[in-house]
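In this note's numbering, the protein residues as written are 29 to 729.
Below is one structure; the comments refer to it alone.
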Amino acid sequence: MTGLTFSLKDNPRLNRWLRFQDDRTVRIGTGKVELGQGVLTALAQIAAEELDLDIGQIRMMSGNSIEGPAEGYTASSWSIEHSGAAIRLVAAEVRALALARAALRLNAAPDELMIVEGAFLRNGAPSDIDYWSIAGEIDLSAEATGAVPPKPRSTYRLVGTSVPRIDLRAKLTGSGFIQDMALPGMLHARTLRQPGREATLIGLDEDAIRRRAGADVQIVRIDNFVAFVGVDETAVRTAAMAAAEYAVWENTRALNPEQAMPDWVASQPSIDQLIGDPLPEPAPDRVSARFTRPFLSHGSIAPSCAIALYRDDILTVWSHAQGMHPLRENIAKTVGLSLDKVACHHMQGAGCYGHNGADDAALDAALVALALPGQPIRLMWRREEEFGYEPLSSAMAVTVHAALDPAGRPVDWTTEIWSATHGQRPGVGGAYLLAADALKEPPPERRPFDIPLERGGGATRNSIPLYDMDAKRIDLHLIHDVPVRTSSLRGLGATLNVFAIEGLLDDLAVRTGEDPLSYRLAILSDPRARRVLEKAAAMADWSSRDAGGAGSGLGLGLARYKNSSAYAAVVASVQVDEAVRVTNVWCAVDAGLVINPDGLVNQIEGNIVQAISWALMEEVRFGPQGIASLDWESYPVIRFSDMPEISVELVEAGEHPPLGVGECAGGPTAAAIGNAVAHALGTRIHDMPMTRDRIMTALMA
């Protein structure tokens, strides 16, 4: 008995996952969606492998809230682990059912048959039977049993090979993103955002706004929600930009720069929780270090966008958000429609990972579509709106405490964390869509909630070290009142937690006079962790590392994402003068059975690039009117000129199940850069981003 996976338990019917189509293809359904990670290609490989099909015979249906399986959000590097495992079991079971039917038709034993591109061969000779000719005899409405074992790895043809991405052709020809989508008679829409949950619109000079627009623009107003709609997208955008001058609000949100600081966040009231071993007695040799990072924006390349159409009492929404089934439920609840009257379909977006503004834009479009039935509404946020109103990744402070044995190695470890929530996706912990605040009866205030450790953790993600210690614990201070929405951004709390853990370990190695690599290996028994650490060190020629302190540095970082997904070890080389320049990054990853090596390496490279940007550049700032970093100048991100040479190697571990990789390299990369900077300067920078000002302060000190 193989057993049902997490996703298959929730969606047991075979036809939610697999259907034979009239054009001699097989439609594979998944609740997970493509965010640029190549997951649809990998899932197609898994299905084609188990069904003995060519990958060109697979058609992926992703994020269809009506016909497809409900798999929650595409998050936490779970797509291959959850959806891939379900598709593998479903395809294996359907293949077995088809073989049994074909054997009956041919009066043959099943072991006389084989399948090649969906056609049945008997003792190597073609028959007149294929999947499609017997599809009507297979009851795909039945529930999966999980009793059919998938193929052994030794028989794989497609899994483990670098199949070209199935989604690239459309993107390269200008039709792959929701921002490119057009429907007949489509109108464009932009919004005037409510400046804070309590803000009330008491005046709006609509005539002045229309004059500024210079073209016919409709104004849709629902309580404190306002949208501008028209055929001419430029005029609509002009109206939305002008509206701020002609709107009068009461009870607007006010921020001050101090509230953006991690130390301010850490000073606020918190809900406290101790996770793990009991707190120890005071130790004679106890070392502590504090690390911080600011609020972060997703910095999505294209602003959030959605298309909605209300026709024949059905509200249909196309969105690039990460979970179509949750989005459907939240929109239906907010607008007061029954669930069977709402359909949500995924379209890929040019920039969507973590919880950015995509879900909120979908509700915006739905509200306008309900006000203007029969007309497709394309609503896209402006750049300033994206930076100013999307959920942010919380500022954090982490203090790591280690009690040491006589040899200077940690025997007791506490990771103490101050952070707001990283888990406010709509429908989670009382969270809801942004425009719901603007309606006459807004939902209750969100209650304090963060993702529990058994689901990967939010602020606590990767806060338990991999290393061998007698006792480990988390001392969490969940801040429940920050003046902005916070939610999930790639890696959640793992980036700072790994930065802090690996930073203190480097300092402990210096304290004992040991090489940082040797120090780690002395307290690390996990063989898979040791392999990636030793591999990355060999890739970077770690043995040639000098004493440091002269402006160039080499540092390393290690983590297993969520302590349950892929292992990643990273070595970074930096040059430090007035600022930090990363020159090389070497990364070794153990992801278990790899489905598509090229796609996996692409994901890791992208994660490394983003982590460099977080470590050195990115920081949200507040001002009196709200978030002040509203463009690429005030919120800089990494540019092509900042890119280092990146080398990624995969450690062979195909005997293990596939592991999620999309976020595994972020924390180790930030940690490796932090340790490389400390090696280069001879002093540690404890705060991200490691900017020119912080470098100069350290050098002056």
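Built from N, CA and C at the ideal position, the CB exists for glycine as well.
Distance, residue j Cα to residue i Cα
i      : j      : result
Asn358 : Gly531 : 41 Å
Met29  : Glu482 : Any reading at Met29 must be qualified, since the residue scores a pLDDT of 40, below 50, and its modelled position is unreliable; no value is offered.
Ala394 : Met408 : 12 Å
Gly458 : Phe323 : 22 Å
Thr611 : Ala600 : 8 Å
Glu121 : Phe48  : 14 Å
Ser107 : Ile502 : 27 Å
Arg406 : Leu398 : 13 Å
Pro480 : Gly519 : 14 Å
Pro696 : Gly702 : 10 Å
Arg150 : Glu171 : 29 Å
Ala431 : Arg474 : 38 Å
Lys37  : Asp440 : 39 Å
Glu99  : Gly59  : 5 Å
Phe477 : Asp498 : 30 Å
Pro438 : Asp305 : 15 Å
Ile303 : Leu504 : 8 Å
Leu709 : Asp535 : 13 Å
Arg722 : Met424 : 18 Å
Ser421 : Gly521 : 9 Å
Ile507 : Gly455 : 20 Å
Ala153 : Leu127 : 15 Å
His403 : Asp387 : What sits at residue 403 in the sequence shown is Gln, not His. For Gln403 and Asp387, the distance between alpha carbons rounds to 21 Å.
Thr262 : Val248 : 17 Å
Ile230 : Val276 : 6 Å
Ala294 : Ser675 : 37 Å
Gly226 : Asn279 : According to the sequence as given, residue 226 is Glu; it is not Gly. Using only the alpha carbons, I get a separation of about 6 Å.
Ala236 : Tyr274 : 7 Å
Three-way DSSP call (helix, strand, coil) for residue i in this model
i      : result
Glu274 : In the sequence under discussion, the amino acid at residue 274 is Tyr, which differs from the Glu named in the question. Helix at Tyr274.
Thr344 : strand
Tyr595 : strand
Gln603 : strand
Pro480 : coil
Glu171 : strand
Phe527 : helix
Asp300 : strand
Pro306 : coil
Glu77  : helix
Tyr159 : helix
Phe650 : strand
Ala423 : coil
Arg720 : helix
Ser316 : strand
Ile492 : coil
Ile636 : helix
Met567 : helix
Gln246 : strand
Thr611 : strand
Trp642 : helix
Asp670 : helix
Glu469 : coil
Residue i - partner residues in DSSP beta bridges
i      : result
Asp440 : Ala431, Ala499
His373 : Asn92, Trp346
Gly258 : His216
Thr768 : Because the chain spans 29 through 729 in this model, residue 768 falls outside it and cannot be assessed.
Gln85  : Its beta-bridge partners do not exist; DSSP assigns none.
Leu141 : Arg150
Leu687 : None, per the DSSP bridge assignment.
Integer Cβ distance of residue i from residue j, believed to fall under 8 Å
i      : j      : result
Ser90  : Val54  : About 15 Å separates the two Cβ atoms, so there is no contact after all.
Gly654 : Gly416 : 6 Å
His429 : Gly576 : His429 to Gly576, Cβ: 26 Å. No contact.
Leu494 : Ala594 : Wrong, their Cβ atoms sit about 13 Å apart, outside the cutoff.
Ala70  : Gly112 : 7 Å
Ile115 : Ile86  : At roughly 10 Å, the Cβ-Cβ gap does not stay under 8 Å, so Ile115 and Ile86 are not in contact.
Proximity test, residue i beta-carbon vs the ligand GTP heavy atom, cut-off 6 Å
i      : result
Ala393 : In the structure shown, the ligand GTP is absent, as is every other ligand, since no ligand is present at all.
Beta carbon proximity, residue i to chain D, threshold 7 Å
i      : result
Arg225 : Within the model displayed, chain D is absent; a lone protein chain is all it includes.
Checklist entry - So, do the region 657–671 and the region 635–642 have three or more beta carbon pairs nearer to each other than 8 Å? => result yes
Next on the checklist: Tell me whether the region 281–290 and the region 253–262 touch, counting them as touching only if at least three CB pairs, one residue from each stretch, are closer than 8 Å.
Outcome noted: no
Checklist entry - If we count Cβ pairs, one from each stretch, closer than 8 Å, do we get three or more for the region 72–91 versus the region 113–131? => result yes
Checklist entry - Taking one C-beta from the region 368–378 and one from the region 340–351 each time, how about it: are there three or more such pairs within less than 8 Å? => result yes
Checklist entry - Can at least three beta-carbon pairs, one atom from the region 183–197 and one from the region 303–313, be found at a separation below 8 Å? => result no
Checklist entry - Does the region 132–143 come close enough to the region 612–630 that 3 or more CB-CB pairs lie under 8 Å? => result no
Checklist entry - Touching or not, the region 195–203 and the region 148–168, by the rule of three or more beta carbon pairs under 8 Å? => result no
Checklist entry - Counting pairs of beta carbons, one from the region 441–449 and one from the region 508–518, are three or more of them closer than 8 Å? => result yes
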